[in-house]
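Q: If you scroll down you'll find the structure; I have some questions about it.
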Amino acid sequence: MIVQGAELSVKRQCELLDLNRTGVYYTPRPVCEEDLRLMRRIDELHLNHPFYGARRLARQLEQDSQFRALPPKPFAQFRDAQRRWDLS
């Protein structure tokens, strides 16, 4: 763990741990509630239908009246974000 204000500089701590300093200073932006709700629905659909691809899941979301239409590429980006953030 990187400790700012410690005996070793942040630069040196990152060098010892083989980390980029940009990751130390990065603070993630909060995800809006609508996107979280959409990601939960995508996850639910994916768990119920693991054989559906991005296009089929996007069509399924279109059929849900509460969600706006998503083209496949942004849908895939949401799936990638879920994997990164582990928002199951």
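Residues 266 to 353 in my numbering are what the sequence shown spells out, letter by letter.
Cβ coordinates follow ideal geometry from the N, Cα and C atoms, glycine included.
One question on the structure: do leucine 223 and glutamine 325 come within less than 8 Å of each other, judged by their Cβ atoms?
A: Any answer about residue 223 is impossible in this case: the structure gives the chain only from 266 up to 353.
Q: Within the same chain, show all residues whose beta-carbon is closer than 8 Å to that of phenylalanine 343, passing over the 5 residues directly before and after it, in chain order.
A: Around phenylalanine 343: Asp300, Leu303, Met304, Ile307, Leu335.
Q: Using the three-state DSSP reduction, which class does glutamine 269 fall into: helix, strand or coil?
A: Of the three classes helix, strand and coil, the one that applies to glutamine 269 here is coil, per DSSP.
Q: Relative to the alpha-carbon of arginine 349, which residue among Pro293, Leu273, Phe316 has its alpha-carbon at the smallest distance?
A: The option with the nearest alpha carbon to arginine 349 is Pro293.
Q: Nearest-angstrom Cα distance between leucine 273 and leucine 282?
A: If you take the alpha carbons of leucine 273 and leucine 282, they lie about 12 Å apart.
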